[in-house]
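A.B. asks:
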Amino acid sequence: MAVVLNVEHLQKSYRKKTILKDINFQINDSSIVALIGANGAGKTTLINTILKLTPKDTGKVQFSVDQWKQITGVMMQDNLVLNRINVEEIINLTRSYFQDPLSYENLIRISGLKEVENTFVSQLSGGQKRRLSFALALAGDPKILFLDEPTVGMDSIARNDFWKTVASLKQNGKSIFITSHYLKELENVADHFLILQNKNIAFDGSIEQLRKISGKVLVEFDSKLSCKTFTSFSSIISINQTNHHFQIITNDANELLSKLNPFLKAISNLSVNQSSLDTLLLNYQEKNND
Numbered sequence: 115m116a117v118v119l120n121v122e123h124l125q126k127s128y129r130k131k132t133i134l135k136d137i138n139f140q141i142n143d144s145s146i147v148a149l150i151g152a153n154g155a156g157k158t159t160l161i162n163t164i165l166k167l168t169p170k171d172t173g174k175v176q177f178s179v180d181q182w183k184q185i186t187g188v189m190m191q192d193n194l195v196l197n198r199i200n201v202e203e204i205i206n207l208t209r210s211y212f213q214d215p216l217s218y219e220n221l222i223r224i225s226g227l228k229e230v231e232n233t234f235v236s237q238l239s240g241g242q243k244r245r246l247s248f249a250l251a252l253a254g255d256p257k258i259l260f261l262d263e264p265t266v267g268m269d270s271i272a273r274n275d276f277w278k279t280v281a282s283l284k285q286n287g288k289s290i291f292i293t294s295h296y297l298k299e300l301e302n303v304a305d306h307f308l309i310l311q312n313k314n315i316a317f318d319g320s321i322e323q324l325r326k327i328s329g330k331v332l333v334e335f336d337s338k339l340s341c342k343t344f345t346s347f348s349s350i351i352s353i354n355q356t357n358h359h360f361q362i363i364t365n366d367a368n369e370l371l372s373k374l375n376p377f378l379k380a381i382s383n384l385s386v387n388q389s390s391l392d393t394l395l396l397n398y399q400e401k402n403n404d
């Protein structure tokens, strides 16, 4: 995969207080990367620094092309504050800044705001403004898209439509860099995660890799086998048996299921309950907190 963004040894301070320290990561094409971490960890500052909205202290931020603004789309947390301009006008104004923009028809469809295209931006609801911001971020047909808390204010239908669009963008070769407090949504859409903690990137990998480090998985089944059959399995953290029902906590579900395979004929009602991204993040933060 081609690298569309490379960040090396990035540092940022405010008034002698270090906010970001030795940040290193890459974003490949056709990928969805989620940046997660506690409130105040520096996620928005990192995006602002990458986009040169705030100057870095040291380090390197390198996009795949020198004219990086032409391949970049941005949807920040703050809603639009323009007043005397309507939806159609602001979309076409934004399109005019790019060499090869998406069509107005495509952008108004993405925003779902056709019925209010003549309405002033100031009169839109919070959710409508977020959908408009998303369309504006896509106006230049960007290769890489930055989304900072994109679904705040959206209702459930709008959120569902939004994530479907994001998934289709990835299928079309776009790269998406997302921050959000709605971790359940990220869990379903992102294929790579960065945890920002203690001023740097503490974790860089897939959710499967995060589960191996921080995840505890509950495996349940019914069996008349003895508890002693399973106690020697190295991946088991704890095991509880009530009558013929087993509840096993493991840190490696794949290894446990492999060990259970020879006994499947004597096992019924097998279920595997993976830890949610919220739980994984909390576990990781607790283990790695300075």
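The numbers in our numbering rise by one with no breaks, and the one at position 39 of the sequence shown is 153.
The beta carbon of each residue, even a glycine, is placed where N, CA and C say it ideally should be.
#1: In this structure, how does DSSP classify residue 289 when only helix, strand and coil are distinguished?
#2: Please report the distance separating the alpha-carbon of residue 262 from that of residue 273.
#3: Measuring alpha carbon to alpha carbon, tell me which residue in 316, 359, 260 and 268 is nearest residue 119.
#4: Please state whether DSSP places residue 213 in a helix, a strand or coil.
#5: Following the continuous alpha helix (DSSP H) through residue 220, name the residue where it begins and the one where it ends.
#6: Tell me the rounded alpha-carbon separation between residue 287 and residue 145.
#7: Taking the beta strand (DSSP E) that residue 88 falls in, what are its first and last residues?
#8: Could you tell me the distance, in whole angstroms, from the CA atom of residue 282 to the CA atom of residue 166?
#9: Looking only at DSSP bridge pairs, what is residue 431 linked to?
#10: Between 245, 279, 275 and 285, which has its C-alpha nearest residue 267's C-alpha?
#11: Any chance you could list the beta strand (DSSP E) runs of at least 3 consecutive residues sitting entirely within the segment 326-359, in chain order?
#12: Can you grab the Cα-Cα spacing for the pair residue 248 / residue 186, in whole Å?
#13: So, at 6 Å on beta carbons, what are the nonlocal neighbours of residue 366 in its own chain, with the 5 sequence-adjacent residues on each side left out?
#14: For residue 398, is the classification buried or exposed, using 16 other Cβ atoms within 10 angstroms of its Cβ as the cut-off for buried?
#15: Going by DSSP, what residue range makes up the alpha helix (DSSP H) through residue 161?
#16: For residue 200 and residue 235, which I take to be in contact (beta-carbon distance under 8 Å), what is that distance rounded to the nearest angstrom?
#17: Note down the Cα distance separating residue 322 from residue 238, rounded to an integer number of angstroms.
#18: I believe residue 294 touches residue 265 by the beta-carbon criterion, under 8 Å. Please report the beta-carbon distance rounded to the nearest angstrom.
#19: Just how far apart, CA to CA, sit residue 159 and residue 306?
#20: Per DSSP, what kind of secondary structure is residue 279 in: helix, strand or coil?
#21: In angstroms, rounded to a whole number, what distance separates the CA positions of residue 269 and residue 241?
#22: I need the boundaries of the alpha helix (DSSP H) containing residue 116, first residue and last residue.
#23: In the DSSP assignment, what are the bridge partners of residue 190?
#24: Less than 8 Å separating the beta-carbons of residue 328 and residue 401?
#25: Mind checking residue 115: buried by the 16 CB within 10 Å criterion, or exposed?
#26: Going by Cα to Cα distance, which pick from 363, 134, 195 and 192 is closest to residue 170?
C.D. replies: This is what the structure gives:
#1: strand
#2: 14 Å
#3: 260
#4: coil
#5: 218-225
#6: 8 Å
#7: There is no way to answer for residue 88, as the model of the chain reaches only from 115 to 404.
#8: 28 Å
#9: This structure does not reach residue 431, given that the chain is present from 115 up to 404, and the question cannot be answered.
#10: 245
#11: 331-337 and 350-356
#12: 13 Å
#13: 349
#14: buried
#15: 157-164
#16: 7 Å
#17: 40 Å
#18: 7 Å
#19: 20 Å
#20: helix
#21: 7 Å
#22: Segment: none, residue 116 is in no alpha helix (DSSP H) and carries neither H nor E.
#23: None, per the DSSP bridge assignment.
#24: yes
#25: exposed
#26: 134
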